[in-house]
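These notes are about the structure you will find just below.
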Amino acid sequence: HHHHHHHHHHHHDNHSQSSADARPAMVAHSPFNGSKAIVQIFDRHMEDYIYSIVSTHRAIKDLKLDHSIQHVVVYKEAPSNFDIKDRTTYGEMLEIRDCLTILNLLNITVLTYSDNKAFTEIGKISSKKPSDVKTHLESIFKDNHLERFLAKIYVFNLTMFDRILFLDNDIIPLLNFEDLFHVPMTPACAADVASGMVLNTGVMVIDPSREIFEAIVHDLMRDDPNPWRSANKGDELIDNDQDFINYFFGDRMYVLSPYWNILISIHHDIAGDGVASPVTEWGAFIEDSGRFINWLLKFKRNKRLVKMIHMGNPKPNWPLWTKDCTENSDNGSDDSLNGWKIPSKWPCPDGKTSRPDWWRWYFIESGEPGLAILSIHKTFWKRYVDEVATMCQKFSSAAQTTAKTTSLTSITSRICKYPYIVTSDMKHAGWYETILPTKSIKVWSELVT
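Residue numbers (this note's numbering): 172 to 620.
Here you go:
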């Protein structure tokens with residue numbers, strides 16, 4: 172009696188899928204109707220991340236996300252004992268002021284926060300003095316990881332929003348990601364396919380809650396903190412927020428498909444013997460953790476499924492084409508550089524050549540995966556440059572109509588002349604001169620069509 176099956180053969184139209192792709196539409200859970208924000212973190216040690224925030228801001232527009240979703244940056248203030256007489260510090264402060272001006276011009280909401288405020292607030296919740304809070308927390312964290320940790324935990328306390336999508340600054344959204352706001356349960360993270368099944372907190376949907384924030388604080392402040400096994404290092408100190416969040420929420424987390432957070436991380440000298448052998452390293456990368464990623468980046472159909480890339484190493488905002496001139500050498504080991512005759516506008520003195528950074532090998536030697544990674548980087552920078560160009564157009568028309576532009580003039584004239592430079596790191600010009608004009612490197616949307 173098979174006649175009852177035919178009722179299930181009607182097709183649901185789902186216009187977001189291509190007709191060639193017959194996968195069923197996602198099951199619609201009840202939509203989430205509360206207030207929504209996309210949150211990123213910015214601090215004075217990370218001026219270069221202004222590129223990431225601006226690029227993400229453009230992605231929100233390009234990918235046509237709902238206008239009611241706010242873009243928010245948690246800005247971690249410099250400590251109050253900041254020495255303004257220190258030249259490098261002062262330069263840093265100018266850059267930060269410029270960056271904050273840009274966020275302001277783009278109408279990105281900036282929420283300020285500092286470690287001192289955090290210690291005071293944690294002290295109130297746990298009935299301890301701020302100085303004791305600081306001492307205690309520093310004892311259970313590795314190195315200087317406490318600072319970044321506090322900023323991320325603070326996001327759980329942003330109760331002015333009902334739901335937050337937290338994005339690390341090395342996340343590059345490739346497709347509309349509004350669906351993330353409608354997950355049936357939070358916190359929601361994707362399993363990190365590159366490093367076992369720990370959930371990666373670079374893309375995280377959370378419902379801020381004072382209750383959860385206080386529970387986190389009480390857990391952190393216990394005299395005998397559980398030894399959190401560090402996801403990365405396998406020891407008992409907290410290495411990062413990811414260790415703690417995986418431990419704290421445990422089995423109460425909602426697991427997203429890896430396509431929401433494809434972590435790509437290519438590291439130097441995987442063998443550990445001090446010898447850099449790029450082709451075998453890429454091979455090691457595939458063998459070790461990257462089989463899935465290699466498979467993913469090789470085939471167009473798979474590439475089409477990727478919602479977000481987590482460009483762990485090399486970071487999207489790092490200058491991959493740098494102005495470094497290296498001694499020429501006569502030994503045969505340089506033959507493999509011949510594949511990289513990328514024209515450079517940077518002249519080098521006689522006997523020296525403008526040399527690529529080590530990771531440039533991967534991109535050529537690996538074929539498809541490498542081109543896909545270049546495409547991701549190009550997409551990142553194109554968005555940044557497009558957004559700055561739009562901002563500069565607005566600014567120049569505003570400048571003609573109002574006299575109140577003095578505070579903006581110094582920064583915008585500089586940025587609008589050289590749209591790839593915000594911070595003092597001139598090396599970033601290399602991206603602009605090399606990657607963006609190179610026609611053979613396509614942006615992601617062109618790569619997957």
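No residue lacks a Cβ here, since even glycine has one placed at the ideal position from N, Cα and C. Quick caveat: nothing in here was measured; it's all calculated off a predicted structure.
- Per DSSP, TYR284 is one residue of the beta strand (DSSP E) stretching across 280-284.
- Between SER226 and TYR555 a beta carbon distance of about 4 angstroms is seen, short of the 8 angstroms cut, so the two are scored as contacting.
- A residue is called buried once 16 or more other Cβ atoms fall within 10 Å of its Cβ, and ASP339 is buried on that count.
- Excluding its 5 nearest sequence neighbours in each direction, TYR222 has C-beta neighbours in its own chain below 6 angstroms: ASN488 and TYR555, listed in chain order.
- With respect to the C-alpha of LYS549, the residue from PHE420, PRO608, CYS563 and PHE384 having the closest C-alpha is PRO608.
- Every beta strand (DSSP E) stretch that sits fully inside the segment 284-371 and reaches 3 residues is listed by chain position as 334-338, 342-344 and 359-362.
- At a Cβ-Cβ threshold of 8 angstroms, LEU467 and ILE433 count as neighbours.
- Annotation for PHE419: ILE387 and ASP390 place their beta carbon closer than 7 angstroms to its own, counting only its chain and skipping 5 residues before and after.
- Annotation for LYS207: the continuous beta strand (DSSP E) segment containing it runs 207-214.
- Selection ASN204, LEU271 and ASP214 evaluated against SER239 yields ASN204 as nearest (Cα-Cα).
- The count of Cβ pairs closer than 8 angstroms, one atom from the segment 372-386 and one from the segment 347-360, reaches three, so the stretches are in contact.
- When the beta-carbon positions are compared, VAL326 and ILE279 stay at least 8 angstroms from each other.
- Taken atom to atom, the span from the alpha-carbon of ASN287 to that of PRO301 is near 8 angstroms.
- Distance from ASP341 to HIS481 at the Cβ level is roughly 6 angstroms; contact confirmed, criterion being Cβ atoms closer than 8 angstroms.
- For LEU542, the closest C-alpha among the options SER611, ILE383, GLU385 and LEU336 is that of SER611.
- By the CB criterion at 8 angstroms, ILE209 and ILE231 fall inside the cutoff.
- The continuous stretches of alpha helix (DSSP H) do not include HIS238, and DSSP gives it neither H nor E.
- Taking each of PRO344, GLY421, SER201 and ARG381 in turn and checking the Cα distance to ARG475, the smallest one comes out for PRO344.
- Ranking PHE332, MET356 and ASP233 by CA distance to the CA of PRO202 puts MET356 first.
- Leaving aside the five residues that flank ILE416 on each side, the residues in its chain whose CB is nearer than 6 angstroms to its CB run, in chain order, THR372.
- One alpha carbon belongs to PHE312, the other to LYS613, and they sit about 42 angstroms apart.
- Taking C-alpha positions only, HIS353 is separated from SER428 by approximately 14 angstroms.
- If the five residues before and after LYS553 are omitted, its C-beta is found closer than 8 angstroms to the C-beta atoms of LEU607 and VAL614, all from its own chain and listed in chain order.
- If you draw a straight line from the Cα of ASP557 to the Cα of GLN564, it comes to about 11 angstroms.
- Contact check for ASP214 against LYS247 passes: the beta carbons are separated by less than 8 angstroms.
- Per DSSP, the beta bridge partners of MET482 are ILE435.
- If the five residues before and after ALA322 are omitted, its C-beta is found closer than 8 angstroms to the C-beta atoms of ILE212, ASP214, VAL245, LYS247 and TYR284, all from its own chain and listed in chain order.
- Apart from the 5 residues on each side of it in sequence, VAL619 sits with its Cβ closer than 7 angstroms to the Cβ of LYS471, LYS474 and ARG475 in its chain, given in chain order.
- Per DSSP, reduced to three states, the secondary structure at VAL376 is strand.
- The C-alpha of SER436 lies about 9 angstroms from the C-alpha of LYS486.
- Between the alpha carbons of LYS207 and MET424 lies a gap of roughly 19 angstroms.
- Note: VAL245 is bridge-paired with ILE212 and LEU282 in the DSSP secondary-structure output.
- Beta-carbon to beta-carbon, PHE290 and VAL281 are separated by about 21 angstroms, too far to satisfy the 8 angstroms threshold.
- In the displayed model, VAL477 falls within coil according to three-state DSSP, outside both helix and strand.
- Beta-bridge analysis with DSSP links VAL426 to CYS360.
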